[in-house]
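Worksheet: the structure to be examined is printed underneath.
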Amino acid sequence: EAAVTQSPRSKVAVTGGKVTLSCHQTNNHDYMYWYRQDTGHGLRLIHYSYVADSTEKGDIPDGYKASRPSQENFSLILELASLSQTAVYFCASSPGGGDTGQLYFGEGSKLTVL
Amino acid sequence: GQQVQQSPASLVLQEGENAELQCNFSSTATRLQWFYQHPGGRLVSLFYNPSGTKHTGRLTSTTVTNERRSSLHISSSQTTDSGTYFCAIASSNTNKVVFGTGTRLQVLP
Numbered sequence: 004e005a006a007v008t009q010s011p012r013s014k015v016a017v018t019g020g021k022v023t024l025s026c027h028q029t030n031n032h033d034y035m036y037w038y039r040q041d042t043g044h045g046l047r048l049i050h051y052s053y054v055a056d057s058t059e060k061g062d063i064p065d066g067y068k069a070s071r072p073s074q075e076n077f078s079l080i081l082e083l084a085s086l087s088q089t090a091v092y093f094c095a096s097s098p099g100g101g102d103t104g105q106l107y108f109g110e111g112s113k114l115t116v117l
Numbered sequence: 224g225q226q227v228q229q230s231p232a233s234l235v236l237q238e239g240e241n242a243e244l245q246c247n248f249s250s251t252a253t254r255l256q257w258f259y260q261h262p263g264g265r266l267v268s269l270f271y272n273p274s275g276t277k278h279t280g281r282l283t284s285t286t287v288t289n290e291r292r293s294s295l296h297i298s299s300s301q302t303t304d305s306g307t308y309f310c311a312i313a314s315s316n317t318n319k320v321v322f323g324t325g326t327r328l329q330v331l332p
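Those sequence lines, one after another, are chains A and B.
All you need for the working numbering is the position in the first sequence, starting with 1, plus 3.
All you need for the working numbering is the position in the second sequence, starting with 1, plus 223.
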């Protein structure tokens, strides 16, 4: 079973502050993803990466930066946190596309911006 | 970009009834996965099924690639099936995996 670990699991931040959410996977997967989920809604793609030192924009990248310093680690950075970024954030990894494209998710990180 | 629609948006069943959840997408999908989300938030992968039919226990997933649709059938529903079901799709020309809007299922005792 693929292991994807997120930290912190829960965080309270102040408006205008910097927040970094971290994701670590131990299964040598090439692809990693960051999603956000608002209460009662589906998951929306923020950023993703298919190789270290490279990131791609998802569907809602504004207000977020991503960093992939190694194959195992993928961070989501909120330089100036805003109230509207209160949500649960999920990280996922997958080995590749096609027949190997299955996503493995972390437990989620609940962010509250006050 | 890829659009993913799920229906129904919500569904209420009596325990023992069957359910059919639909996922329709706008472009040919090379990656398709069904997830169950616990009421507490944890996501569980049910099927990775870009084409054909797969079974596990009371669940069956059928994807018809050229018709751009997939279904999830739950037989003999149980109260523990309550939660939200998502399909997630990636198209052949992108590595983006996009989620559908979800179906919220409630199974009553």
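A virtual CB, placed ideally from N, CA and C, is assigned to each residue, including glycine.
Taken in chain order, the unbroken stretches of beta strand (DSSP E) that lie wholly in the region 242 to 277 of chain B and span 3 residues or more are 242 to 248, 252 to 260, 266 to 271. DSSP places residue 17/A outside any beta strand (DSSP E), giving it a letter other than H or E.
DSSP places residue 6/A in no beta strand (DSSP E); its state is neither H nor E. For residue 15/A and residue 81/A, the gap between their C-alpha atoms comes out near 13 Å.
The region 248 to 263 of chain B makes contact with the region 301 to 321 of chain B: 3 or more CB pairs, one atom from each, lie closer than 8 Å.
Contact check between the region 232 to 246 of chain B and the region 40 to 56 of chain A: fewer than three CB pairs, one atom from each, fall below 8 Å, which does not count as touching. In the DSSP assignment, the residues bridged to residue 90/A are 114/A. For residue 104/A, the CB contacts under 7 Å within the same chain, skipping 5 residues up- and downstream, are 97 in chain order. Residues of the same chain with a CB within less than 7 Å of the CB of residue 71/A, apart from the 5 flanking positions on each side, are 35, 52, 55, 56, 57, 58, 77 in chain order.
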